[in-house]
Amino acid sequence: CSSKATDFEDKVEIKEDELAVWFTTNKENYRSEPKIRLNYLVFNRSDDMEQAQPGKDEIQALYESRKESYQQPEQRHARHILLKTTEGDSEAVRAEKKKKAEEVLLLARNEGSDFSVLAKEYSEGPTKEKGGDLGFFSNGRMVPPFDKAVFSLQPGEISDVVETQFGYHIIKLEEVRPASVRTFEQVKDNLAVTLKKQKAKTLTFQRVTKAYEGIMRSGSLEKYSKEGETKIQTSDYFARTDLPEGIINDPKFLDVAFSLKKGELSSIVEIGEGYAILFVDDIQKPELPELDAVRDQVVADYSKEKSQELAAKAADELLAASKEQGGLQQAVQTAQENQPEVTVTDFLQRSADGKDLPPNQLIQESFKMPWKQKLVQTPVQVGTSYYLFEVAERRAGAKEADVAERDEAREKLLASARKELVTSWVTAFQSRSTIATNESLLK
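Structure representation (structure tokens):
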């Protein structure tokens, strides 16, 4: 059964004096975050895209510089049937697999046979259900013996049995795709987009650099703005974890913003889609609030903590009653209030897990308990709940029974060995000694 903090939430009484003391103790948890007020300029690459159209000569030059990367090597489309072997297979097993592969090869070379159907029937490889289809691949993609066989075949031909570390293969070449080079016409549109982005980035960087130099000449961002060069964007005070609408949610932008001092201008900051220049107009330092300012949150946190304390206390009291009354069931039945529901499970294994089962932590604790102990000795906390349980019945698993039987047999053997050792020692001692018997002591 469990004692849950949520069951005690309505039992928490808020007393102003106690709440005030609790808030004083935990006041640091409510310290505000630092906040900043920014003036900043943003330069987006998208604003320069229209002017960044590349010429045909530029696109052609980029194509020539990348021409080697557009070369496509010869590719071959093949199917195969695999009779698998492993490193630990005996010679007899390998011989049997090879014999089977040779039999399948004869079937594959029969006129009118369908290689893909044979692959689905006989192959033991992962492409079995696809009729052995390996798709297109270039030389060097497969293990050497397999590659050598594939690239020596003509379309429609079937190889002899090929041995690799995976087993025995029968390979059929379906199609050859000759080596080629992607033409300028095929790639010019993609190259144009690449060049356009590069040129736009350059133009944007030129704009932000010009602006930064202008700010330096003017002496401040505000003076630069008044000269009519560009409009400054401003923000209200904000914390890093509470960004107002319009503020750029970019890690670099925020890292720089919250690293600057009041009145400090940043250098050029590269952000996701462009660049920015930041000026920290003001900083609000973290403050410890008064209770009234954060009362709702304080009451919620206080209630949560106190309800958990009540849940823990109820669990402790029920456990004490269980020990006095001889069991958990008896204690629950006689409980005057907060009577929890007792759940009875089937036999559980240590690895048992599921939404309808007790928390795994309880199951593990039950298996740690001594064999003769039934009632848990302390409540088990899982989250904000406290659980009590007792083991109603135990069954020894096969492994545990074997261990018990083995330990018993070992004890018997040790006892027998000790007895035999003592007997042999006494016999040897008697053979080397003269023993006198005092008859009067035996009367």
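Residue numbers (the UniProt record's numbering): 1 to 443.
In this text, a Cβ means the ideal position worked out from N, Cα and C, and glycines have one as well.
Residues in the same chain with beta-carbon distance under 8 Å from residue i, minus the five sequence neighbours each way, listed in chain order, please.
i, result
"THR6", "SER307 and THR384"
"GLU393", "PHE347"
"THR345", "LEU357 and PRO358"
"GLU129", "LYS120"
"VAL117", "GLY131"
"GLU245", "none"
"GLY140", "ASP147"
"TRP371", "ARG394"
"GLU91", "none"
Since residue i sits in a beta bridge, which residues does DSSP pair it with?
i, result
"ARG79", "ASP133 and LYS172"
"LEU278", "TYR40"
"ASP242", "ALA239"
"GLY181", "According to the sequence displayed, residue 181 carries Val and not Gly. According to DSSP, VAL181 bridges with GLN71."
"ILE158", "LYS172"
"GLY263", "None, per the DSSP bridge assignment."
"GLN364", "Note: GLN364 sits in no beta bridge, so no partner."
"GLU305", "Per DSSP, none; premise fails for GLU305."
"VAL117", "The partner list for VAL117 (beta bridge, DSSP) is empty, contrary to what the question assumes."
"ILE271", "GLY274"
"LEU375", "GLU390"
"THR334", "For THR334, which the question treats as bridged, DSSP gives no partner whatsoever."
"THR204", "Answer is none; THR204 lacks a bridge partner."
"SER2", "TYR387"
"GLU33", "Per DSSP, none; premise fails for GLU33."
"THR234", "ASN39"
For residue i, count neighbouring Cβ atoms within 10 angstroms of its own Cβ and tell me buried if that reaches 16, exposed if not.
i, result
"SER322", "buried"
"GLY228", "exposed"
"THR24", "exposed"
"THR85", "buried"
"SER266", "buried"
"PHE389", "buried"
"ARG217", "exposed"
"ARG31", "exposed"
"ARG66", "exposed"
"LEU421", "exposed"
"VAL143", "exposed"
"SER3", "buried"
"CYS1", "buried"
"PRO126", "exposed"
"PRO340", "buried"
"SER416", "exposed"
"ILE14", "exposed"
"LEU243", "exposed"
"VAL380", "buried"
"VAL193", "exposed"
"SER366", "buried"
"LEU134", "buried"
"GLY156", "exposed"
"LYS196", "buried"
"ALA396", "exposed"
"ALA101", "buried"
Quick one: what's got a C-beta closer than 6 Å to residue i's C-beta in the same chain, skipping five residues either side?
i, result
"ARG207", "PHE43"
"LYS443", "Caution applies to LYS443, whose pLDDT of 43 falls short of 50 and renders its modelled position unreliable; the value that the coordinates give is listed next. The answer is none, since no qualifying residue turns up."
"LEU291", "PHE23"
"SER225", "ILE232"
"TYR70", "VAL181 and ARG182"
"ARG94", "THR85"
Assuming residue i contacts residue j (C-beta within less than 8 Å), just tell me the rounded distance between them.
i, j, result
"SER235", "LEU38", "5 Å"
"ALA179", "GLN72", "6 Å"
"LEU19", "VAL294", "Actually they are not in contact, since the Cβ atoms of LEU19 and VAL294 sit about 12 Å apart, beyond 8 Å."
"ALA182", "PHE136", "Correcting the residue identity first, residue 182 is Arg in this sequence and not Ala. Wrong, their Cβ atoms sit about 16 Å apart, outside the cutoff."
"SER273", "ARG45", "The question names Ser, but residue 273 is Glu in the sequence shown. That pair is a contact at about 6 Å."
"GLU9", "PRO286", "GLU9 to PRO286, Cβ: 31 Å. No contact."
"GLU74", "ARG177", "7 Å"
"ALA335", "LEU318", "7 Å"
"TYR386", "ALA331", "Their Cβ separation, rounded to whole angstroms, is 14 Å, which puts TYR386 and ALA331 out of contact at 8 Å."
"ARG109", "ILE59", "At roughly 52 Å, the Cβ-Cβ gap does not stay under 8 Å, so ARG109 and ILE59 are not in contact."
"TYR212", "ILE271", "Actually they do not touch by this definition, with Cβ atoms about 15 Å apart."
Ignore the nearest five residues each way along the sequence and tell me which others in residue i's own chain have a CB closer than 7 Å to its CB.
i, result
"LEU203", "ASP48, GLN51 and ALA52"
"GLN329", "VAL342"
"ALA401", "With a pLDDT of 49 at ALA401, under the threshold of 50, the modelled position of this residue cannot be trusted; read the value that follows with caution. Same-chain partners within the cutoff: there are none."
"LYS199", "ALA52 and PRO54"
"ASP17", "none"
"LEU260", "SER266, LEU278 and VAL280"
"LYS374", "GLU390 and VAL391"
Is the Cβ of residue i closer than 9 Å to any Cβ of chain B?
i, result
"LEU362", "Of the chains in the structure shown, none is chain B; there is only one protein chain."
Under 8 Å from any heavy atom of the ligand ZN, does the C-beta of residue i make it?
i, result
"LYS35", "Absent from the structure shown: the ligand ZN. Ligands present: none."
So does the stretch 103 to 116 actually touch the stretch 74 to 89, counting three or more Cβ pairs closer than 8 Å? Result yes; three or more Cβ-Cβ pairs closer than 8 Å.
Can you find at least 3 beta carbon pairs, one from the stretch 272 to 287 and one from the stretch 245 to 264, that sit closer than 8 Å? yes
Is there contact here, the stretch 301 to 317 with the stretch 238 to 250, by at least three beta-carbon pairs under 8 Å? no
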